[in-house]
Structures are given as structure tokens and as C-alpha cells.
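Asker:
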Amino acid sequence: MKRIKLTIDGKKITARPGTMLLAAALSRGIWIPNLCFIPEAELPFGGCRLCWVEVEGEKDPVTACSRPVREGMAVRTRGQRAERLRKSAFELLLSRHHLDCRNCPKNKNCGLQEIAGRCGYPLKPGRFAREIPGLPVDDSHPKIIYDPNRCVLCGKCVWVCQTKREGVLDFSRRGLACRISTFADRPLGETRCGGCRQCVDICPVGALVRKK
Ligand code: FES
1 MKRIKLTIDG KKITARPGTM LLAAALSRGI WIPNLCFIPE AELPFGGCRL CWVEVEGEKD
61 PVTACSRPVR EGMAVRTRGQ RAERLRKSAF ELLLSRHHLD CRNCPKNKNC GLQEIAGRCG
121 YPLKPGRFAR EIPGLPVDDS HPKIIYDPNR CVLCGKCVWV CQTKREGVLD FSRRGLACRI
181 STFADRPLGE TRCGGCRQCV DICPVGALVR KK
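Residues 1 to 212, numbered by this note's numbering, are exactly what the sequence shown covers, in order.
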């Protein structure tokens, strides 16, 4: 199959037709911030809004995880307009995230810390008011601890649980009340979750962690 030729930040790359820009970039070592992207997923979730890029000839920035590559495309990952949107999305995520890195099991292995470090963002919610859900930590499962106050709603745990395992985790509620939960909000330990911990492995922050 003929490969598509494009440039990202001046670097020439090729990709199979139908590949999303983000997947093409990451596979060539070009990093674009992202939290919700799952390469094997059939459709992009597009929830974190961190992967903004600018495409030459297009008025508005686009999310790289949901834009397929196109012949001759010229992409900039750090243009001013994309950067503004990305920083706002990052600050919004932090405004709902229990920021307590020192006591977080994912400290130094966290997607938010990585983005802050690589993009030069402070780990602060910036201009947005803090809206931590204030929900109880679910410690009921023998192998997993779920802290909804650290969740960034990237949906990766839902994808892995629904596609590969028991289908215990899902989104519930809407808007600011949206959260990852189980059927009827039952504690994880009272569900049929067998404890495969793929949700723990895929969680980019400290929301789902192994119980020691
Ligand atoms: S990676 Fe594109 S919106 Fe999350």
C-alpha cells in the first residue's frame, strides 16, 4: 500500500493511509502531549484535548489523535494557537485533580508530570477554580485502589475493561459530575472484577493503583 508523505515540525515522515496524526508522530519519535490516546482503539476518544497541533492551510488547530494523515500535510506541534488550547486543557485537568504528588503512588511515573515537565507547564491549575470531586477512595478490592479524586477521565481504564476484560468500569453522570464508576456505584470489591489490573497498568495518573 502506498504510504502517505507528510512533515511534522519540518521532519519528513511517512505513514499508512488512515493512520491518525498522533500515532504517526509518536511512531517516529515526535512527541505530542496526550493522555487519552490508545493506539489499538478503533476510534479516538478525544477526551483530554491535549494533542492540539496546527496544520498548514487550516484556520483552526486540530486534535492530532482524531485527524488522519494526508498527503503533503505540514504540521506544527508547538504553534501559538495550539499551545494556548493545550495549556488551557492541561490547567482544566489539574483543576479537578488531587495534586499531592509527594504522596501519590504514581509520583515520577505520572502522565501529568511528564507533560508539565516536557512542556514547561507548572503543576498548578492556573486560572481555573479547583473542583476536586471530593469522593471517597475505594479501597474495597483486594488488589486495586481507586481514587476518583486523581482521575483525569481519560477513559483508558474503561476501554481496557470493556474491550479486554469484565466490563466493570464505565463512565457515569455528565458534566462536572462525570466520573469513572461501576454499575450502581458499587465498590470495586463488590463487583465481578477479577483483579487483572490492566486498568492499573493503563491509568496514566494515580487514580487506579496496585494494592500492596
Ligand atoms: S490524545 Fe487527543 S484528545 Fe486526548
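Here a beta-carbon is modelled for each residue, glycine too, at the ideal position from N, C-alpha and C.
Computed from a prediction, not measured in an experiment: that's the story for all the values here.
Do residue 32 and residue 43 have their beta-carbon atoms positioned less than 7 Å apart in this structure?
Answerer: No, Cβ-Cβ distance for residue 43 and residue 32 is not below 7 Å.
Asker: Check this for me: beta carbons of residue 115 and residue 209, under 7 Å apart or not?
Answerer: Contact: no.
Asker: Any heavy atom of the ligand FES within a distance shorter than 6 Å of the CB on residue 49?
Answerer: It does: the Cβ of residue 49 is within 6 Å (strictly closer) of some heavy atom of the ligand FES.
Asker: Starting from residue 25, trace the alpha helix (DSSP H) in both directions and tell me its first and last residue.
Answerer: Residues 21-27.
Asker: Under 7 Å, do residue 55 and residue 75 count as touching if we go by C-beta distance?
Answerer: Contact flag set, yes.
Asker: I need the straight-line Cα distance from residue 16 to residue 188, nearest angstrom please.
Answerer: Each residue's Cα considered, the two are about 40 Å apart.
Asker: I want to know whether the stretch 180-194 touches the stretch 154-168 - three or more CB-CB distances under 8 Å.
Answerer: Segments in contact, yes.
Asker: Rounded to the nearest angstrom, how far is the Cβ of residue 20 from that of residue 48, given a contact under 8 Å?
Answerer: That belief does not hold up - the Cβ atoms of residue 20 and residue 48 are roughly 14 Å apart, past 8 Å.
Asker: When every heavy atom of the ligand FES is checked, does at least one fall within less than 6 Å of the C-beta of residue 14?
Answerer: False, no ligand heavy atom lies under 6 Å from that Cβ.
Asker: Does the Cβ-Cβ distance between residue 221 and residue 91 come in under 7 Å?
Answerer: The requested residue 221 is not part of the displayed model; the chain covers only 1 to 212.
Asker: Looking at residue 4 and residue 218, is the spacing between their C-beta atoms short of 7 Å?
Answerer: Only positions 1 to 212 of the chain appear in this structure, which leaves residue 218 out of reach.
Asker: Who are the near neighbours of residue 28 in its chain, counting only those whose CB is closer than 6 Å to its CB and skipping five residues on each side?
Answerer: Around residue 28: 13.
Asker: Once you ignore the five residues that flank residue 93 on each side, which residues in its own chain have a CB closer than 6 Å to its CB?
Answerer: Cβ within range, chain order: 152.
Asker: Who does residue 8 pair with in a DSSP beta bridge?
Answerer: According to DSSP, residue 8 bridges with 11, 75.
Asker: Just curious, the alpha helix (DSSP H) that residue 118 is in, first and last residue?
Answerer: Unbroken alpha helix (DSSP H) run through residue 118: 111-119.
Asker: Give a single yes or no on whether residue 46 has its beta carbon closer than 6 Å to a heavy atom of the ligand FES.
Answerer: Result yes, Cβ under 6 Å from the ligand FES.
Asker: Which two residues bound the contiguous beta strand (DSSP E) that contains residue 30?
Answerer: Note, residue 30: premise wrong, no beta strand (DSSP E); not H, not E.
Asker: Below 8 Å on the Cβ atoms is my guess for residue 142 versus residue 211; work out the distance and round it to an integer in Å.
Answerer: With a Cβ gap of about 7 Å, residue 142 and residue 211 count as contacting.
Asker: DSSP state of residue 140, grouped into three classes?
Answerer: Correct three-state label for residue 140: coil.
Asker: Thinking just about the alpha-carbon of each residue, which of 73, 179, 85 is nearest to the one in residue 51?
Answerer: Taking only the C-alpha atoms, the option nearest residue 51 is 85.
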